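Asks: Numbering (the numbering used here), first residue to last: 182 to 974.
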DNA sequence: GATTTTACGTA
DNA sequence: CGTACGTAAAATCT
């Protein structure tokens, strides 16, 4: 049936959906189905009711199978069939007769019909003018049906509706009243810099070209409504023939950035470039909108564009990056200022100030480690590469001879052909996210190891070894900087890169989450090394060395996640063990059976701790590890190399002996059900927006231990950097460990260890109980050959 | 040529 | 049905 437009005559907000669904079709009223119910909730969050709005759809009749594609001539859904064109004309008439002030376009089809724009993801959140009925405002947002599949988009949709409500009271189209100056003369820019020096706050943004991260454009905003950007390099050519002119400007810029409190968006990048290329330390850089967003809304995207769309009311500008780069840059600076003002209120209102300040305190250390880099011993590197080449050749030749032809072991296709056709082995399947998904064949390491166990073909193990050697090459065969160093970008707010893009994205990532740990990625300023320094295999670590005349001192939190878990689940036996072993040497712990895995095994098998055999200990270790994060019997079976049935028995034995973990998992599920928010032991909150189910639960189980340990280390590191970095400088961060450099004599090593220990002993309180996580030390001349040492030895 | 999938290294 | 992270190469799409 034809579903008509409904709503009161006086309404000034019109909501346009895509097409009627089953319920709408049956009742003849728009938005009465499932997505209508969600719409009610969303509108409620913006103090709006459906009954105050004009409701309609682009297509007035339900398409077969709810497929909107039915109404289009082409796959891209840009050429409507005559019937849809008629419906759109009806929509136009409705707009003319109801005269809404603003139209909320729900989803791609509504956006397209009202404005001709094809992409909802870029248009979302920015008010534009309708092309269907010129003069009418359109605010595009996601369709509720899309939100039900992508819950992380609920937040922006609510913000969009609020923006629509706020704008529905304004008579005109949004006029852009900002003053964005993009082509000043040198004199005008110098005047502006003098003006900026008198401001209480400014926002700054730079545009750079790679390689070299040269600054093309620098923009400064003195308020959300006033910004000026200056172009230094255009089309790779400097603007001034006399370098003197540029020097003057940089001197003035340096004065401003070192004295005026500065806001940036992902300023770790900007300030690193300014420091490295122009010697400007940006001492005024105190606030960052990306860090602020990470603290307030860790689960949402934090590109400046996204944040602007939810925080402020400006026209979309990201598409002007190439055509009007200076204007774009001025917009960035002004909008950074605007976003800051909104998020700052949220920081205060939401009680996020301490966490925000702690995040900002990490910026300096992260930048220091980024720019300093780590030295690589070229001789060791050459030796390791040579060894790797000969080993790879040897295993490769053996395999090629055995199979009668060359095989690309990196190719899943060729591997599948080899394993499941040529060798006729039983296909192995990947684990699925849910049972409903189709099974997919895999040829990964685990699969090959499983096959090796069944078939006794020694070539399978050789394949695994060969693949490892191929992989190792990528860690060894790396480019070093002219001074023989590698650099990594430490990201305090988690990931900074969109998945597998050609160009590394600096402040524009849409796919962002973070569990409070640092991540490490390729530096675009100093692109030397393998990029990520947190996943270097042990073998390759040999070539990483401290600066001349020093050794590495490694300090890592001992079994940190296990300690945290023991306290949260209230496992008294384990807590007792951790207390007894605190500060004790490895030998003492071994002699006195102070060993988590032995204790686990003893509990499982119901025997005294000193009777646990090495095999039983291995079972205990695997089971504890597996159960902590809710792994299943298949993983345990693979790890231990035992049949599934035995693995299940082991798991049941453990769960029977130690029920606390399951009780805790239940508790986590209840917390997720009531608020979807979990808080780590330092008060950092994370909202879990993924689809309800086991995958969500497991992610949640790992959150508290993982993020608590990450934050523990980062707190220690900030304190250490402030107090001791000049004496024993920091070199590396590895989630639960940090590395510093010290002269290798006993006195210095001991002092370095004590400095680390002092900063790392941070008491953690949980349920009125306070504890510390113990620290282990290792020292050595390179990153691989480290030997254990006690605090005082 | 761009995007998605597969695999794999660390904590 | 461990999770978190980043990178490389192959496979697939357009």
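From the three backbone atoms N, C-alpha and C, an ideal C-beta is built for every residue, glycine too.
Bear in mind that the values here come from a model prediction, so they are computed numbers and not experimental data.
Between which two residues does the alpha helix (DSSP H) containing residue 982 stretch?
Replies: Residue 982 lies beyond the residue range present for the chain, which begins at 182 and ends at 974; the question has no answer from this structure.
Asks: Between residue 940 and residue 914, what straight-line distance do the alpha-carbon atoms span, to the nearest angstrom?
Replies: Position 759 of the first chain, counting from 1, holds the residue named residue 940. Position 733 of the first chain, counting from 1, holds the residue named residue 914. Looking at the two C-alpha atoms, the distance is approximately 15 Å.
Asks: Helix or strand or just coil, what does DSSP make of residue 745?
Replies: Counting from 1 along the first chain, the entry for residue 745 is found at position 564. Three-state result, residue 745: helix.
Asks: Got a sec? Which residues, its chain only, sit under 8 Å from residue 369 by beta carbon, not counting five neighbours each side?
Replies: Stepping through the first chain from its first residue, residue 369 is reached at position 188. Excluding residues within five positions, the ones whose Cβ falls inside 8 Å are 362, 409.
Asks: Please give me, in chain order, every unbroken run of the alpha helix (DSSP H) with length at least 4 that falls completely inside the stretch 820-877.
Replies: Correct list: 825-838, 841-855.
Asks: Per the contact definition of three or more C-beta pairs closer than 8 Å, is the stretch 380-399 in contact with the stretch 700-718?
Replies: Output reads yes: the stretch 380-399 touches the stretch 700-718.
Asks: Would you check if the distance between the CB atom of residue 507 and the CB atom of residue 398 is smaller than 7 Å?
Replies: Within the first chain, the letter at position 326 stands for residue 507. Within the first chain, the letter at position 217 stands for residue 398. Cβ distance < 7 Å, so residue 507 and residue 398 count as in contact.
Asks: Please say whether residue 216 and residue 337 have beta carbons closer to each other than 7 Å?
Replies: Here residue 337 is taken as the residue at index 156 of the first chain, counted from 1. Here residue 216 is taken as the residue at index 35 of the first chain, counted from 1. Not in contact: residue 337 and residue 216 (Cβ atoms no closer than 7 Å).
Asks: For residue 541 and residue 469, I'd like the C-alpha separation in whole angstroms.
Replies: For the purposes of this step, residue 541 is taken as the residue at position 360 of the first chain. For the purposes of this step, residue 469 is taken as the residue at position 288 of the first chain. If I take the Cα positions, the gap works out to 8 Å.
Asks: Ordered along the chain, which non-local residues of its own chain (more than five positions away) have a Cβ less than 7 Å from that of residue 271?
Replies: Taking the first residue of the first chain as position 1, residue 271 is located at position 90. Around residue 271: 241.
Asks: With a Cβ-Cβ cutoff of 7 Å, do residue 804 and residue 769 count as a contact?
Replies: To locate residue 804, count along the first chain from 1; it is residue 623. To locate residue 769, count along the first chain from 1; it is residue 588. Taking 7 Å as the Cβ cut-off, residue 804 and residue 769 do not qualify as a contacting pair.
Asks: If you drop the 5 nearest sequence neighbours on each side, which residues of the same chain put their C-beta closer than 6 Å to that of residue 226?
Replies: As a first step, residue 226 must be located in the first chain, where it is residue number 45. Contacts found: 339.
Asks: Would you check if the distance between the CB atom of residue 955 and the CB atom of residue 696 is smaller than 7 Å?
Replies: What you label residue 955 is simply residue 774 of the first chain in a count that begins at 1. What you label residue 696 is simply residue 515 of the first chain in a count that begins at 1. Against a cut-off of 7 Å, the Cβ pair of residue 696 and residue 955 comes out as no contact.
Asks: Distance check for residue 453 and residue 497, CA to CA, integer angstroms please.
Replies: On the first chain, position 316 is the one that residue 497 refers to. On the first chain, position 272 is the one that residue 453 refers to. Taking the straight line from one Cα to the other gives about 28 Å.
Asks: Buried or exposed: which applies to residue 478, given that a residue is buried once 16 or more other Cβ atoms fall within 10 Å of its Cβ?
Replies: For the purposes of this step, residue 478 is taken as residue 297 along the first chain, with counting starting at 1. Its Cβ being crowded by 16 or more others within 10 Å, residue 478 is buried.
Asks: Going by the C-beta, is residue 408 closer than 6 Å to any heavy atom of the ligand COA?
Replies: Here there are no bound small molecules, and the ligand COA is not part of this structure.
Asks: Counting C-beta neighbours from all protein chains within 10 Å, is the total for residue 864 16 or more, i.e. buried, or is it exposed?
Replies: As a position in the first chain, residue 864 is number 683, starting the count at 1. Exposed: under 16 other Cβ atoms inside 10 Å.
Asks: Could you name the residues of the same chain whose beta carbon sits closer than 7 Å to that of residue 977, not counting the 5 residues immediately before and after it, in chain order?
Replies: Since the displayed the chain opens at 182 and closes at 974, residue 977 lies outside it and no answer follows.
Asks: Can the beta-carbon of residue 947 be found less than 7 Å from the beta-carbon of residue 862?
Replies: One-based indexing of the first chain puts residue 947 at position 766. One-based indexing of the first chain puts residue 862 at position 681. Going by C-beta atoms, residue 947 is nearer than 7 Å to residue 862.
Asks: What's the call for residue 882, buried or exposed, on a 16-neighbour Cβ count within 10 Å?
Replies: Walking along the first chain from the start, residue 882 turns up at place 701. Result: buried.
Asks: Between the stretch 523-540 and the stretch 473-491, do three or more beta carbon pairs fall short of 8 Å?
Replies: Contact between the stretch 523-540 and the stretch 473-491 is present, because at least three Cβ pairs lie under 8 Å.
Asks: Would a C-beta distance cut-off of 7 Å place residue 437 and residue 511 closer than the cut-off?
Replies: Along the first chain, read from residue 1 onward, the residue named residue 437 stands at position 256. Along the first chain, read from residue 1 onward, the residue named residue 511 stands at position 330. Cβ distance not < 7 Å, so residue 437 and residue 511 don't count as in contact.
Asks: How should residue 716 be labelled, buried or exposed, when 16 other C-beta atoms within 10 angstroms of its C-beta is the threshold for buried?
Replies: Taking the first residue of the first chain as 1, we reach residue 716 at position 535. With fewer than 16 other Cβ atoms within 10 Å, it is exposed.
Asks: Ordered along the chain, which non-local residues of its own chain (more than five positions away) have a Cβ less than 8 Å from that of residue 967?
Replies: Taking the first residue of the first chain as 1, we reach residue 967 at position 786. Around residue 967: 733, 735, 959, 960, 961.
Asks: Note down, in chain order, each residue of its chain lying with its Cβ closer than 7 Å to the Cβ of residue 191, except the 5 sequence neighbours on either side.
Replies: Taking the first residue of the first chain as position 1, residue 191 is located at position 10. Contacts found: none.
Asks: Pick helix, strand or coil for residue 363, following the three-state DSSP scheme.
Replies: For the purposes of this step, residue 363 is taken as residue 182 along the first chain, with counting starting at 1. Coil at residue 363, not helix or strand.
Asks: Helix, strand or coil for residue 154, going by three-state DSSP, please let me know.
Replies: The structure shown does not extend to residue 154, since the chain spans only 182 to 974, so no value can be given for it.
Asks: How about the stretch 834-848 and the stretch 893-913: do they share at least three Cβ pairs that are nearer than 8 Å?
Replies: The stretch 834-848 vs the stretch 893-913: no contact.
Asks: Short of 7 Å in beta carbon distance, which residues of its chain neighbour residue 759, apart from the five on each side in sequence? Order them along the chain.
Replies: On the first chain, residue 759 is found 578 positions in, with the first residue counted as 1. Correct list, in chain order: 744, 747.
Asks: Would you kindly check if the distance between the Cβ of residue 321 and the Cβ of residue 286 is under 7 Å?
Replies: Indexing the first chain from 1 puts residue 286 at position 105. Indexing the first chain from 1 puts residue 321 at position 140. Yes, they are a contact pair.
Asks: Would a C-beta distance cut-off of 7 Å place residue 348 and residue 283 closer than the cut-off?
Replies: As a working note, residue 348 is residue 167 in the first chain. As a working note, residue 283 is residue 102 in the first chain. Yes, the pair counts as a contact, with Cβ atoms nearer than the cut-off.
Asks: What residue does the alpha helix (DSSP H) around residue 579 start on, and which one ends it?
Replies: Within the first chain, residue 579 is the residue found at index 398, counting from 1. Counting along the chain, the alpha helix (DSSP H) containing residue 579 begins and ends at 559-584.
Asks: Have a look at 556, 183, 590 and flag the residue whose alpha-carbon is nearest the alpha-carbon of residue 664.
Replies: For this step, residue 664 is matched to residue 483 along the first chain. Checking every option, the nearest Cα to that of residue 664 belongs to 556.
Asks: At 4 residues or longer, what runs of the alpha helix (DSSP H) sit wholly inside the stretch 920-967?
Replies: Counting whole runs of 4 or more residues, the stretch 920-967 contains the alpha helix (DSSP H) stretches 927-941.
Asks: Using only the alpha-carbon positions, how far apart do residue 186 and residue 870 sit?
Replies: The residue labelled residue 186 in the question sits at position 5 within the first chain. The residue labelled residue 870 in the question sits at position 689 within the first chain. Each residue's Cα considered, the two are about 33 Å apart.
Asks: Going by other Cβ atoms of all chains shown within 10 Å of its Cβ, with 16 needed for buried, is residue 428 buried or exposed?
Replies: Position 247 of the first chain, counting from 1, holds the residue named residue 428. That one is exposed.
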